[in-house]
Each structure stands twice: as structure tokens, then as C-alpha cells.
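Protein chains in written order, with the numbering used here: chain A, 8 to 345; chain W, 8 to 345.
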């Protein structure tokens with residue numbers, strides 16, 4: 008798998024990353040919500056022991072959220088290595104992560120285990136294969152809660168069955184501009200899928216970035232989930248491309264204006280709010296994707312997407328930043344990279 | 008006198024230009040409004056004859072509005088060489104202009120003669136001296152309508168007496184930002200003065216540019232008018248400077264942000280509307296005036312102020328421009344100069 012942030016994927020790519028997540032629980036142990044801190048930490052130890060009996064500590068490491076400060080933990084969230092829910096379980100939450108930061112096994116999130124694999128571009132199968140191997144290896148020495156009829160048992164019934172969530176992050180500026188995104192939302196929900204913002208469940212869509220994922224986990228096979236999602240994503244990509252062609256034909260100068268202005272502002276602002284920054288980065292990304300901007304690499308935009316987030320900015324600073332200082336640091340970062 | 012557009016006046020200067028205008032009418036001839044076209048043109052010939060008997064045709068030339076197209080005439084308006092009223096009198100309107108474009112003698116505007124002198128910076132006395140010499144020279148061979156009690160007679164009673172309007176163009180972004188400009192308006196009106204937009208009477212104030220001028224022409228001497236106006240202008244400059252200091256202290260980064268963003272947008276936009284352009288140029292001017300921007304000359308900003316106007320853009324183009332094409336040409340012009 009390839010780290011999606013560093014990936015210099017195809018210029019015309021609308022897909023930033025593909026993600027597979029498997030929810031697993033150990034038999035006979037209460038779900039994390041019902042675990043007290045000592046028992047939660049015991050569980051982490053147990054999983055780790057098992058994991059490192061198969062995988063090398065040279066390739067993977069465990070991060071214990073309870074021994075980190077809030078800022079460092081939030082950086083992992085901003086990097087999409089952990090979920091908002093794990094961040095709220097810091098007292099017993101931990102995760103195992105590979106060097107390339109494409110694999111993250113969260114412990115004591117909503118379920119005991121959340122095996123997550125993220126890779127660049129539209130590569131769900133590759134991500135699933137990796138997740139599947141990890142799942143099998145872990146299952147060799149651990150008994151996962153499993154029911155013949157229901158499949159894998161999970162804390163939330165929406166994950167029952169395969170425990171699989173597959174998701175793809177897409178950049179859809181033209182569908183947003185053309186106000187067609189709502190139709191896409193509706194169509195997707197009819198297909199048993201869902202569309203969310205940059206940071207998953209409950210997060211707002213910012214910078215025209217959307218995560219499309221399967222809603223249904225029960226009564227369908229892993230292969231079906233992935234095949235269906237790929238088909239839907241390809242259709243959304245197609246719609247986005249059609250919308251881009253249309254607006255570039257109809258509003259060529261207006262779009263170029265928006266793109267170059269965005270770049271101009273990013274290169275000159277002294278204060279940049281997060282939300283505006285994401286919006287401007289989206290225009291620049293669209294410029295790169297459509298070939299209007301030629302001197303910026305997509306991995307630069309991905310890096311800025313992550314490192315311009317509040318905790319990442321705070322992490323790179325010695326003092327505690329006020330909102331305004333953060334806006335300044337964001338502007339400095341963006342200027343230095345573009 | 009120095010052409011204000013080309014002038015590289017002091018960086019901290021808030022004053023762009025000083026203007027003196029004298030309204031004069033020839034005795035025994037109806038005011039322009041009552042003159043038909045042949046009689047209007049006869050008057051122009053008569054004034055010209057007189058003028059060129061004293062001044063050389065090498066230094067001055069006459070522009071007959073009736074033999075020009077609308078665009079060329081509008082360019083003179085945009086250069087502040089003629090007034091909107093003269094532009095509405097093209098069938099009999101004309102003006103004599105010097106090479107440096109600091110002197111303009113309008114004929115058949117509201118009055119038979121409008122002697123106008125514009126110079127760079129706060130130099131009303133210099134402009135008045137030049138206007139006065141022209142006035143005296145013209146009066147040697149022409150009988151101006153004059154009443155012992157009322158002074159010079161003019162078409163509009165507001166110009167009776169001295170027929171003098173002195174005005175100063177000021178850049179007042181801080182007073183606008185701080186919403187103190189309304190107070191200045193009120194204070195000025197109590198002092199028998201008035202404040203107007205970029206293109207004089209009835210024009211909107213755009214780009215934070217204002218023309219302060221005397222309202223009263225009757226019962227005060229020319230010297231008093233000028234002395235009073237200079238005093239008022241100096242006070243406004245002082246208030247603007249205080250406001251600048253205050254906002255730069257209080258909102259230093261926000262102001263810098265506005266200034267650098269404005270420059271960034273001007274340097275990268277593909278489409279630029281006139282009104283937005285004037286607003287952005289004002290921020291850049293403020294940047295230059297406060298020393299935040301160091302690599303831009305004020306005369307460049309003055310030139311852009313004029314040449315980014317609709318007629319000037321049209322004049323420099325072979326085809327008839329639509330609004331959108333004009334916005335494109337404006338963006339190209341601005342980009343090439345900044």
C-alpha cells in the first residue's frame with residue numbers, strides 16, 4: 008500500500024484515498040464502553056502481545072493515547088490514523104501503526120479492534136487484502152466474537168456481519184459548484200451507501216472532500232461491498248468529470264479566475280482560517296487536476312490538507328497558539344509550500 | 008505643475024492631487040445651455056483664437072468632443088481632464104489641454120469657460136497661481152460677465168462670486184475602515200466644504216478616494232477659500248494618520264492580511280470588476296503608504312487607477328469589449344504592471 012498523503016497519484020485523479028476498516032471484538036470480553044480503565048489497558052496488552060508475536064516491532068509500533076497529550080493525539084486524528092471516537096477514549100485507547108502509516112489497528116474504540124488500511128487512489132481491493140491478512144493473523148491466536156447467523160458481533164448493530172466499512176475519499180468541486188451533490192447524496196443513500204465529510208461520521212464536508220462508504224454490513228459479502236462501492240465511486244467520478252467539462256466550457260474564465268485567485272490568496276495571506284484554507288486548497292487542487300495549474304504536485308496539496316489542521320500546527324509550535332496565531336502559522340506554512 | 012498620475016510623490020502622502028477650477032462666462036453671450044450648436048462652436052472658435060494669440064500651439068492643443076467618438080471622450084473624463092457635464096455636451100463641447108495634461112480649459116461645459124489646473128500632492132497654491140495667470144491672460148482680450156456685487160456670473164448660483172472651486176483628492180482607507188468618514192463628512196459640511204467621490208459631483212466614492220472641495224464661492228476671497236481648504240485637508244490627513252496608526256497597532260496582522268491578499272488577487276485574477284479593482288488598489292496603496300509594500304511605486308498605482316477604467320481599456324483594444332472582456336483586459340493590465 009502507498010501512503011495517500013505522500014502519493015503523487017495521477018493528476019486527473021479525483022480519488023485521494025481508499026480505506027478499509029474491519030470491526031472485531033474478542034469473545035467473552037465486554038465491549039469497550041463497558042470496560043473500566045485497568046481492564047481496557049489489559050485488553051490492549053493482550054492484543055499487542057498477540058500482534059507482536061506475528062509482526063515485528065521494527066515495522067510497527069503501538070501508540071498509547073493515555074500517555075500522550077491531547078495535541079499529539081489530535082494529530083493522529085488529523086492524519087486519519089485514528090477516529091474521533093478513539094480520541095474520546097484516551098484513558099484506555101491505543102493503536103498499532105506501521106511505519107508508512109497505511110495500517111492502523113485501533114484498540115478500545117467502539118469495538119475492541121478496528122483494523123484500518125488506507126492507501127492512495129482508488130485501490131479498495133489492495134487495502135482489503137492487507138486488512139484481511141491482518142485479520143486472519145490476529146484471529147489465529149484470538150477468539151473473535153462471531154455468530155453463525157449474524158457474523159462478527161460489534162458494539163453497534165450497523166457494523167454487524169462483515170464488520171467491514173469500505174470508504175473512498177473524493178474531491179468533488181464541480182458537483183458542489185453545480186449544486187448536483189445533493190442528488191448524488193440521495194442516489195447513494197438509495198444504494199445502501201453513505202457520503203460524509205473529511206473526518207468521517209458527523210464531520211462537515213469541507214474543501215469539497217467527501218467520503219463515500221457502504222452503509223450495510225449485514226447480509227452481503229465483503230466482495231460484494233467492495234465491488235458495489237467501486238461501481239458507485241466510478242459513477243460519481245464520471246459525474247464529476249462531466250460536471251467539470253461542462254463548467255470549464257461554460258464558465259472557463261470564471262473557473263480559471265477562482266483557481267488563480269485561490270492560489271494568489273494562499274501565496275499571500277497573512278491570516279488563514281481553516282475552513283477558508285480548505286476551500287482555497289480545493290480550488291488549487293481542481294486547478295492541478297484539470298491541468299490549469301502545472302507547477303504544483305498533488306502530494307503537496309495532500310500534505311497541506313493534513314498539516315494545516317489545528318493540532319498539526321500546534322504540534323509544530325513551541326508555544327500554545329491562540330486561534331489567530333494558528334491562522335498566522337497556517338498562512339506561513341501554506342506560503343512556504345506553494 | 009506636475010502631472011499627478013506620473014508623480015512619484017512622497018510615499019506617506021495621503022493626497023493624490025490638488026485641483027483649481029475657475030468658472031467664467033463671456034459677457035453678452037447666453038450660457039451654454041441656451042446656445043445652439045453653431046453658436047456654441049462659434050464661441051469655442053472665439054475662445055481658441057484669443058487663447059492661441061497668447062499661448063503657443065506647440066504647448067497646447069484643442070480637443071473638439073464633437074469630432075471624437077464616445078470612447079475617446081470618455082478617456083479624457085477618466086483622466087480627470089474633463090467633467091461628466093462636458094461629456095454630455097459633446098455636440099458643442101471642447102477643451103484646450105497642455106502637453107503635460109495639468110491644464111484643461113473646458114468650453115461649453117456648464118459655463119463658457121472652466122479653467123482647470125491639476126497638480127500632484129497638496130499644492131493648491133501652485134495650481135491656483137497657474138489658473139490665475141491663465142484667467143488674467145484670457146481676460147485681457149475677452150470681457151467676462153462680472154457684477155460689482157456678485158462677482159463673476161455663472162450658470163449655477165453655487166459658483167457665483169469667485170467662480171473658484173478648489174479640491175483635493177485624498178486616500179482615506181483608515182477613516183473608512185474605522186467608520187469615521189461619516190463624521191468627517193458632517194464636520195466638513197459645517198465648514199462650508201463638501202466631500203465627493205473619485206469623479207466629482209454625484210460620483211460614488213470608490214477605492215477610498217475622496218475629493219474635498221469648497222462649497223461656498225461667494226463672499227469669500229480666493230485666498231480665503233484656498234487657505235481654509237488647506238487647513239481642513241491637513242486636519243483630515245491628520246485624522247487619517249491617527250486612524251492608520253491605531254488600526255495598524257490594533258489589527259496589525261489583519262491589515263497586513265488585507266493588503267497582501269489584495270496584492271495577491273490583483274497579481275493572479277483572470278477577471279477583475281472595476282469596483283473590486285479600485286478597492287484592491289486602495290489596499291495596495293495603503294500598503295505602499297504605510298511602508299508595508301516596498302516594491303511598488305505610487306505612480307504605478309495612479310496609472311492603474313486611470314487605465315483600468317472602462318473607456319481606457321476599450322481605447323486600448325481593437326474590438327468592442329463586452330463587460331466580461333473588459334474585466335479580463337483589466338486583469339491582464341493590472342497583472343502586467345504589478
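By construction, the Cβ of each residue, glycine as well, lies at the ideal position given by its N, Cα and C atoms. Bear in mind the structure is a predicted one, so any value in this text is a computation, not a measurement.
Chain-order list of chain A residues neighbouring residue 277/W: 260, 263, 264, 267, by C-beta distance under 7 Å. Taking a beta-carbon distance threshold of 7 Å, residue 298/W does not count as an interface residue toward chain A.
Contact of residue 271/W with chain A is assigned, a C-beta pair being separated by under 7 Å. Proximity of chain A to residue 337/W at the Cβ level (cut-off 9 Å) is not reached, the minimal Cβ distance being about 12 Å. Excluding residues up to 5 positions away in sequence, 169, 171, 173, 221 lie with their Cβ nearer than 7 Å to the Cβ of residue 232/A in the same chain. Look at the beta carbons and you see the segment 21–33 of chain W touching the segment 230–250 of chain W: at least three pairs across the two are nearer than 8 Å. Comparing C-alpha distances from residue 297/A to each of 285/A, 253/A, 108/A, 316/A shows the shortest one belongs to 253/A. Taking the C-beta atoms as reference points, residue 178/W is found nearer than 7 Å to residue 216/W. Residue 279/A and residue 134/W have their C-alpha atoms some 46 Å from each other. Taking a C-beta distance under 7 Å as the contact criterion, residue 185/A and residue 269/A do not qualify as a contact pair. Taking 4 residues as the minimum length, the alpha helix (DSSP H) runs contained wholly in the segment 273–338 of chain W are 281–296, 305–314, 317–322, in order along the chain. At a Cβ-Cβ threshold of 7 Å, residue 326/A and residue 282/A do not count as neighbours.
Beyond the five residues adjoining it in sequence on each side, residue 191/A comes within less than 8 Å, by CB distance, of 179, 182, 202, 243, 246 in the same chain, given in chain order.
In the DSSP assignment, residue 38/A falls outside any beta strand (DSSP E) and carries neither an H nor an E. Contact between the segment 106–113 of chain A and the segment 78–90 of chain A is present: three or more C-beta pairs spanning the two stretches fall below 8 Å. Proximity of residue 274/W to chain A, defined by a Cβ-Cβ separation below 7 Å, is satisfied. In terms of Cβ geometry, residue 333/W and residue 320/W form a close pair [threshold 7 Å].
Contact between residue 92/W and residue 117/W holds: CB atoms are separated by about 6 Å, below the 8 Å threshold.
In the pairwise beta carbon analysis, the segment 256–270 of chain A is classified as touching the segment 286–303 of chain A: at least three pairs are separated by under 8 Å. Taken through DSSP and simplified to helix, strand or coil, residue 264/A comes out as helix. Between residue 119/A and residue 36/A, the beta carbon gap of about 7 Å places them in contact (Cβ cut-off 8 Å). As the crow flies, the alpha-carbon of residue 72/W is around 22 Å from that of residue 10/W. Restricting attention to beta strand (DSSP E) runs no shorter than 3 residues, the segment 52–96 of chain W encloses them at 67–71, ordered along the chain.
Residue burial is scored here from C-beta neighbours: residue 267/W has at least 16 other C-beta atoms within 10 angstroms and is therefore classed as buried. For residue 142/W, no beta strand (DSSP E) encloses it; the enclosing alpha helix (DSSP H) starts and ends at 131–148. The three-state reading of DSSP puts residue 98/A in coil, since its state is none of H, G, I, E or B. Judged by DSSP in its simplified three-state form, residue 152/A adopts coil rather than helix or strand.
In summary, residue 164/A is exposed, with fewer than 16 beta-carbon neighbours lying within 10 Å of its beta-carbon over all protein chains present.
The straight-line gap separating the alpha-carbon atoms of residue 81/A and residue 318/A is approximately 6 Å.
When DSSP states are grouped into helix, strand and coil, residue 184/W belongs to the helix group. The DSSP-derived three-state label of residue 197/W is helix. Judged by DSSP secondary structure, residue 239/W falls within the alpha helix (DSSP H) whose first and last residues are 229–257. In the DSSP assignment, residue 219/W falls within the beta strand (DSSP E) that extends over 216–221. Under the three-state reduction of DSSP output, residue 21/W falls in the coil class, being neither helix nor strand. Here the alpha carbon of residue 343/A sits roughly 17 Å from the alpha carbon of residue 292/A.
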